[in-house]
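Asks: Below you'll find the structure I mean.
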Amino acid sequence: MRERTYGARLPGMLVTVLPAALWMLAFFVVPLLLIVAVSFCTRGEVGDIVYTFTPHNYAKLLHPLYGSIFVKSLIISFFTTLLCLLFGYPFAFIVATAGKRLRPLLLTLVMLPFWTNSLVRTYAMIILLRTEGILNTLLRWAGLIDEPLRLMYNNTAVMIGMVYMMFPFMVLPLYASIEKLDMRLLEAADDLGATPLRKFLHVALPLTKAGILSGCLLVFVPSLALFFVTDLMGGSKVVLMSNLIKNQFLTARDWPFGSAVSVVLILVMIAAIALYLRHGGKVDGKEAM
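Counting from 10, one number per residue, gives the positions in the sequence shown under our numbering.
Quick look at the structure:
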């Protein structure tokens, strides 16, 4: 009976899944395969693609210059994720434990940046941090500094911009995880004499680990590809993998090398996702038990 029922439902399931499968095949799988194929080609004299197989583009990535760019990209993305976590966890905890009237307002504040274009928000940060910007003007008016702080066109500016962009992506998974936390467990730990630090490390942190891993993944992976933040807030002084890819495709017109860098970046993202699925699956399994 079950086999007959499954056989009867199979055409309907195919009709439902087929459009999504064709969409993914046409706009995700095929372009990705084209990028991989082009990464093994060579650049012509006028910037065209010569379809001659060569691993030279990947060997070129072993140059110390590109190695330093790759390492810097990972470091900035890591610290962006870390800062989002350090600031986002307390905020998500406050939102999750707020009253019913205050909670929608706080969630609206988290979602509010999504209502504005990310490029516009980046320019807003530039107005805030530039030499004659709002922050330096206020600090000089208050007498706290004599000369404007150099807050733009460096690694710090890039991280500030990325944290500002990715902060909601950290808060929302944390909020969803903390909201499910049974607060009676924290009260029990308090009754047993646990300090606030021990309550956090041994009760709250393990039970919200799934939200932490989800938030870190949602921040770390996109941070590797936010080229416009680096271009606008880092200028020509900060070059990351995302900028390198953009420059190879639009400026240098070296599509094979740009494709090779893209493939390497995709592999890093896949490794991050695989790491999340491995450890996130264990967390979910423990919670389910």
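By construction, the Cβ of each residue, glycine as well, lies at the ideal position given by its N, Cα and C atoms. Given the structure is predicted, the values throughout are model-derived calculations rather than measurements.
Buried or exposed: where does PRO28 fall if 16 or more other Cβ atoms within 10 Å of its Cβ makes it buried?
Replies: Start at 1 with the first residue of the sequence shown, and residue 28 comes out as number 19. PRO28 is exposed by the Cβ-count criterion.
Asks: For ARG52, list the residues DSSP reports as bridge partners.
Replies: On the sequence shown, residue 52 is found 43 positions in, with the first residue counted as 1. According to DSSP, which records beta bridges pairwise, ARG52 is partnered with ILE58.
Asks: Mapping the DSSP letters down to three states, classify MET171 as helix, strand or coil.
Replies: On the sequence shown, position 162 is the one that residue 171 refers to. DSSP places MET171 in helix when its eight states are reduced to three.
Asks: Drop a sphere of 10 angstroms on the beta-carbon of LEU286, count the other beta-carbons inside from all chains shown, and report buried for 16 or more, exposed for fewer.
Replies: By one-based count along the sequence shown, residue 286 stands at place 277. Answer is exposed; the Cβ neighbour count stays below 16.
Asks: With DSSP run on the structure shown, which of helix, strand or coil describes VAL248?
Replies: In the sequence shown, counting from the first residue as 1, residue 248 sits at position 239. Three-state DSSP puts VAL248 in coil, outside helix and strand.
Asks: Within this structure, are the beta carbons of PRO64 and PHE49 separated by less than 8 Å?
Replies: Stepping through the sequence shown from its first residue, residue 64 is reached at position 55. Stepping through the sequence shown from its first residue, residue 49 is reached at position 40. Cβ atoms of PRO64 and PHE49: closer than 8 Å.
Asks: Does the stretch 148 to 159 come close enough to the stretch 210 to 219 that 3 or more CB-CB pairs lie under 8 Å?
Replies: Not touching, per the Cβ criterion.
Asks: Please list, in chain order, all residues of the same chain as LEU92 whose beta carbon is under 8 Å from its beta carbon, the five residues on each side excluded.
Replies: Taking the first residue of the sequence shown as position 1, residue 92 is located at position 83. Within the same chain, LEU92 has close Cβ partners MET168, VAL172.
Asks: Which residue wins for smallest C-alpha separation from PRO113, given the options GLU54, LYS208, LEU181, ARG130?
Replies: As a working mapping, residue 113 is identified with position 104 in the sequence shown. The option with the nearest alpha carbon to PRO113 is LEU181.
Asks: Under three-state DSSP, which class holds LYS69?
Replies: To locate residue 69, count along the sequence shown from 1; it is residue 60. Of the three classes helix, strand and coil, the one that applies to LYS69 here is helix, per DSSP.
Asks: Which same chain residues, not among the five before or five after SER127, have their C-beta less than 8 Å away from its C-beta?
Replies: Numbered from 1 along the sequence shown, position 118 holds the residue referred to as residue 127. Hits under 8 Å: MET174, PHE237.
Asks: Does the contact criterion of 3 or more C-beta pairs under 8 Å hold for the stretch 265 to 284 versus the stretch 32 to 50?
Replies: Segments in contact, yes.
Asks: Answer yes or no: do PHE178 and VAL228 have a C-beta to C-beta separation smaller than 8 Å?
Replies: Here residue 178 refers to the residue found at position 169 when the sequence shown is read from its first residue. Here residue 228 refers to the residue found at position 219 when the sequence shown is read from its first residue. Yes, the pair counts as a contact, with Cβ atoms nearer than the cut-off.
Asks: Please say whether LYS208 and ASP199 have beta carbons closer to each other than 8 Å?
Replies: Along the sequence shown, one-based indexing puts residue 199 at 190. Along the sequence shown, one-based indexing puts residue 208 at 199. Yes. Within cutoff.
Asks: Use the C-beta contact count for ASP263: other C-beta atoms within 10 angstroms, 16 or more gives buried, fewer gives exposed.
Replies: Position 254 of the sequence shown, counted from the start, is the residue given in the question as residue 263. Buried, since its Cβ has 16 or more Cβ neighbours within 10 Å.
Asks: If you drop the 5 nearest sequence neighbours on each side, which residues of the same chain put their C-beta closer than 8 Å to that of TYR132?
Replies: Position 123 of the sequence shown, counting from 1, holds the residue named residue 132. Counting only Cβ-Cβ distances below 8 Å, and skipping sequence neighbours, we find LEU241.
Asks: With a 10 Å radius around its C-beta and 16 neighbouring C-beta atoms as the bar for buried, classify TYR60 as buried or exposed.
Replies: The residue given as residue 60 occupies position 51 in the sequence shown. Classification of TYR60: exposed, given that the 10 Å Cβ count is below 16.
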